[in-house]
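Peer 1: This is the structure I have questions about; it appears just below.
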Amino acid sequence: MGQPESGVGSMEETEPEAATEITLVMVGDVLLHTRVAESGRKEDGGYDFSAVFAHVKEEIEAADLALVNQEVIIGGEELGVTGYPSFNAPYELGDALADTGFDVVLHATNHALDKGKRGILNCLAFWEENYPEMAVLGIHQSQARQEEIYIYEQEGIKVAVLNYTYGTNGIALPGDMPYAVDLLEKDRMSRDLQKAREEADFVIVCPHWGTEYSLEASKSQKDLAAWFAEKGADLVLGTHPHVIEPIEILDGEEEEGTLVYYSLGNFVNWTSGTGQGVANRMVGGMARITIGLNEAGRAVVKDYGVEPLICHVETGVGGVTVYPLEEYTEELASRNEICLQDGSFSLEYCRNLVEEVFGARVY
């Protein structure tokens, strides 16, 4: 191409400065059922779970902020790698989460104390020693750490993230570590939310709540979501039911209200359950949210949606992996061994479930 003639187009045109935006993704429960653990077992006795995340890694890495609900404690092999009902994962699962590109690991779940105090301490030590840049929320080794508010900052926008669970399966908090797990206790959460609002521009709450296997949000979830909205939460990202639940906006339209994902379902699992409804547990969602500034300069949700996911399970090393629904095929669905546990599972079944629960906000 030739150069512009003198005096014609020679002045540089300045591009308008792009508006600051933060892209956020979050996925639901990582459940290390026994057969999921077996899928990562190597011949030398170690573990490699990279296959689990291979088909979603690129998208997770591309997000500015990526969150995952780590349902089971990562206590290492010294505590025994165990599945349901008392879970424990090897450290290699943490390696895979970090390698996949997650920035925030949510550990406040009902299984946080499955291996007691030692499980919590092992897990925290693993993250601190190997991935100190990883934000680990929901479990703590000190009162001072519990009182800290995690804040992610990008180009002047500060985003706070809070994480709580309804309980720990009846296992009491360690007597000398009452701060070990963040619980859905309103006094504590009210203080945290106030502090988060003071320190950040945008507040996210990630509650572990609801009724297992219910495709609808419970009254208690809706009541608590309304309370979060009243206390200043901008976004609520829920987990625990192990199936997907609806998305809605409370107290306003689009940018003005509190956006609530009641449940993102399972991200990774191979339940031993059988019968009707088991197929639902193989469908999850990846929340996709863009945070930006409105005309008044306030940080708000500029765009949002959900990408449906399918957990594919086959016997053998590398046989458990997560696919975006749009990449899942009839041939893959026919090989998914969950069909042996619930014969209703099919690609069409998964598509219909997504349409029923998530509706129009599907990417």
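Following our numbering, the numbering of the sequence shown begins with 14 at its first residue and continues without gaps. Positions of the beta carbon are idealized from the N, C-alpha and C atoms, including for glycine.
Below 8 Å on the Cβ atoms is my guess for Ser63 versus Asp112; work out the distance and round it to an integer in Å.
Peer 2: 7 Å
Peer 1: Just mark Asn143 as buried or exposed, buried being the case when its beta carbon has 16 or more other beta carbons within 10 Å.
Peer 2: exposed
Peer 1: Helix, strand or coil for Thr181? Go by DSSP, reduced to three states.
Peer 2: coil
Peer 1: Considering only the beta carbon of each residue, do Ile35 and Ile217 sit closer than 8 Å?
Peer 2: no
Peer 1: Which word fits Glu105, buried or exposed, when buried means at least 16 other C-beta atoms lie within 10 angstroms of its C-beta?
Peer 2: buried
Peer 1: Just to confirm, are Ile152 and Val194 a CB contact at a threshold of 8 Å?
Peer 2: Yes, the Cβ-Cβ distance between Ile152 and Val194 is below 8 Å.
Peer 1: Between the Cα of Pro98 and those of Arg204, Thr181, Glu339 and Asp200, spot the shortest distance and give me the residue it belongs to.
Peer 2: The candidate whose alpha carbon is nearest that of Pro98 is Thr181.
Peer 1: Return helix, strand or coil for Val404, following the three-state DSSP convention.
Peer 2: Not covered by the structure: residue 404. The range shown for the chain is 14 to 376.
Peer 1: What residues match up with Gly297 in a beta bridge as DSSP calls it?
Peer 2: Partner(s): Gly278 and Leu322.
Peer 1: Asn143 by DSSP, collapsed to three states: which one?
Peer 2: Per DSSP, reduced to three states, the secondary structure at Asn143 is helical.
Peer 1: With DSSP run on the structure shown, which of helix, strand or coil describes Val370?
Peer 2: helix
Peer 1: Please report the straight-line C-alpha distance between Glu377 and Tyr226, rounded to a whole angstrom.
Peer 2: Residue 377 falls outside the range modelled here, since the chain spans only 14 to 376, and no answer is possible.
Peer 1: Taking only the alpha-carbon atoms, compute the straight-line gap between Pro29 and Phe66 and give it to the nearest angstrom.
Peer 2: Low confidence applies to Pro29: its pLDDT is 48, below 50, so where it sits in the model is not reliable, and the reading given next is rough at best. Those two C-alpha atoms are separated by around 38 Å.
Peer 1: Report the partner residues of His221 according to the DSSP bridge assignment.
Peer 2: Thr178 and Thr252
Peer 1: With DSSP collapsed to three states, give me the class of Phe358.
Peer 2: coil
Peer 1: What do you reckon, are the CB atoms on Leu277 and Thr252 nearer than 8 Å?
Peer 2: Yes. Within cutoff.
Peer 1: Give the DSSP-derived three-state secondary structure of Asp42 in the structure shown.
Peer 2: strand
Peer 1: Just to confirm before moving on: does the CB-CB distance between Leu45 and Val81 stay below 8 Å?
Peer 2: no
Peer 1: Could you compute how far the alpha carbon of Arg301 sits from the alpha carbon of Val319?
Peer 2: 6 Å
Peer 1: Count the other CB atoms within 10 Å of the CB of Ala373; is the residue buried (16 or more) or exposed (fewer)?
Peer 2: exposed
Peer 1: Are the Cβ atoms of Lys128 and Asn101 separated by less than 8 Å?
Peer 2: yes
Peer 1: Counting C-beta neighbours from all protein chains within 10 Å, is the total for Thr4 16 or more, i.e. buried, or is it exposed?
Peer 2: Outside the shown range of the chain, which is 14 to 376, sits residue 4, and nothing can be said about it.
Peer 1: Measuring alpha carbon to alpha carbon, tell me which residue in Pro259, Asn349, Tyr317 and Val249 is nearest Met295.
Peer 2: Asn349
Peer 1: How long is the line joining the alpha carbons of Trp240 and Leu197, rounded to whole angstroms?
Peer 2: 12 Å
Peer 1: Who pairs with Val273 in a beta bridge, going by DSSP?
Peer 2: Val249 and Glu261
Peer 1: Count the other C-beta atoms from every protein chain shown that fall within 10 angstroms of the C-beta of Asp264, then say buried if there are 16 or more, exposed otherwise.
Peer 2: exposed
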